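Numbering (the working numbering), first residue to last: 57 to 484.
The next block holds one structure in the form of C-alpha cells; read it before the comments.
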Amino acid sequence: MPITVSELKNKGEGEEILLNGWLQEIRNLKKISFLVLRDHTGTIQITAKPDLTENYDSISQITRETVLSVHGNLTRKTQSKSGIEILAKSVKVLNEAKSPLPLGIIDPVGADIETRLTNRFLDLRKPEVALIFRTESELLWGMREFFHDSGFVEVHTPKIVAAATEGGADLFQVQYFEKQAFLNQSPQLYKEILISAGLNRVFEVGPAFRAEKHNTPRHLNEFTSIDIEMGFADHNDAMHMLQEGVKSGIRHLVSHAPVSTAPPSAKIQIPEGNFPRITYRECIKKLESKGEKVKFGEDFTPEQLKLIGSEFTSFYFITEWPSSLRAFYTQPKPGDEVVSNSFDLQYREYEITSGAQRVHDPLLLEERLKSKGLNPEDFSFYLNAFRYGMPPHAGWGLGLERLVLIILNLQNIREATLFPRDRTRITP
RNA sequence: GCCCCGGUAGUGUAGUGGCCUAUCAUACGGGCCUGUCGAGCCCGUGACUCGGGUCCAAAUCCCGGCCGGGGCGCCA
C-alpha cells in the first residue's frame, strides 16, 4: 500500500516503503542519484545507487515533474539534511512530464501572474500556492459550521435570473432559449423571498457575477459570495453574526492549520471581542481633520479608506451609510432617514462585506424602487413575497476571496482564486 | 466608461538609434564527480509580440492590431 510523505515519520528503520508523487528535482552524480519526490503532504529524498536500484542508468533521464512510484526502504542513517531518506529498489515512471516546464516549481526565478495563471496546474504544485486554497477551505468550513450551529439553513438560489438584483446595469446577459436572462450579481432577492417563506435563517455560498470592466488587484468578474439573511432581526443582529462568523472561521483555520512546514496560518491573529464601529458621518469628520474634503452622500475613495483604515488594527464596521448610496432594499434609519441601518465590514482599505437591515414594508419597498429609477413591475416576483407576511429581516454578503486576501496578506485577488475571471481572462 | 504603463530565449531580466554577432540568472542538453541537498566546475542550445512607417542604420523612434499589468469610477 502506498503511503504519503507525511506518514513516513511513523515508519521504522529499514521498513519497506511505497510512495507516489512528482519528481521535484534530481541531482545526478556518476554513481549515485538523489531524487526529491513531492506529494500533497511534503517532500522526501530518494537515493538511487547502481548496486541497489533497478535500471539505475535510466534514472538520470527522468524529467522534472514526472509522476513516479518509488519502492524502497526507509533509513535514518543518512547524511541527508532532513535526517530521513528512501533507498530506492525501483523507480517506476507512471507518467512522464514534458521538458522544459512552462513554469518552474522550485526555480529561483519568479514568474508573472499571467504565466502562473495560464499554467495554473503547475503553479498550484507549489506548496505555498496550494496553501492559499487549503486555507480558504478551512476558513469556509469554520464559517459553515458556525452558521449551521446558529440555526441557519444552507440554500442554493438560481444564478440565471430575469431581473437585475439591485437594478444596476453591469450584468452578464444570457440567452435563455427565447428569453433574455442574466447571471445573478447577488442572491439578495432570493434570500429575502426565503425569509418570507419562513426558513428564518438562511446562508448560501455561491458564485456572483459582475460585468464591470474594472481591472484592479481587488476585483473579479466572478467571485464567491457568502450570504446570510435572518428573519426577525435587524442590522445589529446581522453585524453580530458576521463578527462571530468571521471569528469562528479564522479560529477553525488556525486550529486546523493546513499541512505544511511553515504555515502562514501560524501567524494569523484570531480577532478578539467586538469589532469597532464607526459611522459614516464620523468617518467624514475624521477625514476632514486630516485635510480631506468629503461631501455627505459621496462614497469614500480608496485613498480615504486607507486613511480611515489606518486607525484600526483589524476588522471594523462603517455604519449608517447615506440611504442614497445603498441599494433600494436598505432600511432607512428611523428618525434619521437620510442614513440607513446599513454597514460595511472593513479591513484596512478593503471592503469585505456589505449588509443592512432590509425594508420589509412592501409600500416603502415600491417607493424605494421608484426613487432609484427602477420599475416595480420588473420586481413583481420579489414584491409578492412582501405582500403576504414578510418578517423584519437583515443580512449581508461577504466576498470570500477578499477575506482570504486580507487574512494571508496577498497582493492580488487573483492569487486567492483558482481560476480567476477578470476583465480579459476566461481560460483556463 | 475614462486614464497610465508594459510585451526581449522555457522562465525571469539587462539593454533609450550604430559599441547588439543582444546581458545576466535560472531552466534545458552534454561532460567531470559515491553523499548531493540553492550541489559545484567546464562546454553547448535557446529570444527582440505582430503589421506598417521614419532613417544610411530600429530591440530602441512613430502609427495601428493583439496580449498583459495598474489607477479612477463601481463594487464583495
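Think of the CB as a built atom: it goes at the ideal place given N, C-alpha and C, for glycine as much as any other residue.
Remember, predicted model here, so these are calculated numbers, not experimental data.
{"Query": "Taking DSSP as the reference, what is the three-state secondary structure of Gly-140?", "Result": "The residue asked about is misnamed: residue 140 is Ile in this sequence, not Gly. If DSSP states are grouped into helix, strand and coil, Ile-140 belongs with coil."}
{"Query": "Could you tell me which whole beta strand (DSSP E) segments of length 3 or greater appear in the region 82-142?", "Result": "89-95, 98-104 and 123-131"}
{"Query": "Would you identify the three-state DSSP class for Lys-269, choosing helix, strand or coil?", "Result": "coil"}
{"Query": "Excluding the 5 residues flanking Lys-133 on each side, which residues of the same chain have their C-beta closer than 8 Å to its C-beta?", "Result": "Glu-69"}
{"Query": "Quick check on Glu-192: does DSSP put it in helix, strand or coil?", "Result": "helix"}
{"Query": "Do you know whose CA, among Gly-329, Ser-380, Lys-362 and Ile-364, lies nearest Glu-354's CA?", "Result": "Ser-380"}
{"Query": "Where do the ends of the beta strand (DSSP E) carrying Arg-414 lie?", "Result": "Neither: Arg-414 is in no beta strand (DSSP E) and is coded neither H nor E."}
{"Query": "Please state if the CB of Glu-260 and the CB of His-204 are separated by a distance shorter than 9 Å.", "Result": "no"}
{"Query": "Rounded to whole angstroms, what is the Cα-Cα separation between Pro-358 and Leu-124?", "Result": "49 Å"}
{"Query": "Would Val-395 be called buried (16 or more neighbouring beta carbons within 10 Å of its own) or exposed?", "Result": "buried"}
{"Query": "Am I right that Tyr-406 and Arg-458 are in contact with their C-beta atoms under 8 Å? What's the rounded C-beta distance?", "Result": "6 Å"}
{"Query": "Within its chain, find whatever has a CB closer than 7 Å to the CB of Glu-410; leave out the 5 residues flanking it on each side and keep chain order.", "Result": "The amino acid occupying residue 410 in the given sequence is Ser; Glu does not appear at that position. Contacts found: Asp-400, Trp-452 and Gly-453."}
{"Query": "Met-286 bridges to which residues according to DSSP?", "Result": "Arg-257 and Ala-450"}
{"Query": "Taking Cβ positions, are Leu-108 and Ile-100 nearer each other than 9 Å?", "Result": "no"}
{"Query": "If you draw a straight line from the alpha carbon of Ser-311 to that of Ile-364, how long is it in whole angstroms?", "Result": "31 Å"}
{"Query": "What whole-angstrom Cβ distance do Lys-303 and Pro-332 have, given they're in contact under 8 Å?", "Result": "Actually they are not in contact, since the Cβ atoms of Lys-303 and Pro-332 sit about 14 Å apart, beyond 8 Å."}
{"Query": "Would you identify the three-state DSSP class for Lys-154, choosing helix, strand or coil?", "Result": "coil"}
{"Query": "Taking buried to mean at least 16 other C-beta atoms within 10 Å of its own C-beta, is Phe-208 buried or exposed?", "Result": "buried"}
{"Query": "If you drop the 5 nearest sequence neighbours on each side, which residues of the same chain put their C-beta closer than 6 Å to that of Thr-317?", "Result": "With a pLDDT of 46 at Thr-317, under the threshold of 50, the modelled position of that residue is not reliable, and the figure given next carries that caveat. Around Thr-317: no qualifying Cβ."}
{"Query": "With C-beta atoms as the reference, is Ile-59 less than 9 Å away from Ile-82?", "Result": "no"}
{"Query": "Cα-Cα, which of Leu-157, Pro-476, Ile-463 and Arg-477 is closest to Glu-194?", "Result": "Ile-463"}
{"Query": "For Leu-255, I'd like the list of residues in its chain whose CB is within less than 6 Å of its CB, leaving aside the five on either flank, ordered along the chain.", "Result": "Val-209"}
{"Query": "Counting Cβ pairs, one atom from each stretch, are 3 or more of them under 8 Å apart for the region 294-301 and the region 416-431?", "Result": "no"}
{"Query": "Where do the N-terminal and C-terminal ends of the beta strand (DSSP E) with Ala-237 fall, by residue?", "Result": "235-239"}
{"Query": "If you reduce the DSSP assignment to three classes, tell me which class Trp-197 lands in.", "Result": "helix"}
{"Query": "Output needed for Ser-146: all residues of its chain with C-beta closer than 6 Å, excluding positions within five of it in sequence on either side, in chain order.", "Result": "Glu-110 and His-127"}
{"Query": "Hey, could you find the ends of the alpha helix (DSSP H) Leu-298 is sitting in?", "Result": "291-311"}
{"Query": "Spell out the partners DSSP gives Arg-73 in its beta bridges.", "Result": "Just to set this straight, residue 73 is Ile in the shown sequence, not Arg. According to DSSP, which records beta bridges pairwise, Ile-73 is partnered with Gly-128."}
{"Query": "Looking only at its own chain, which residues have a Cβ that is under 7 Å from the Cβ of Glu-72, when we skip the five neighbours before and after it?", "Result": "Asn-129"}
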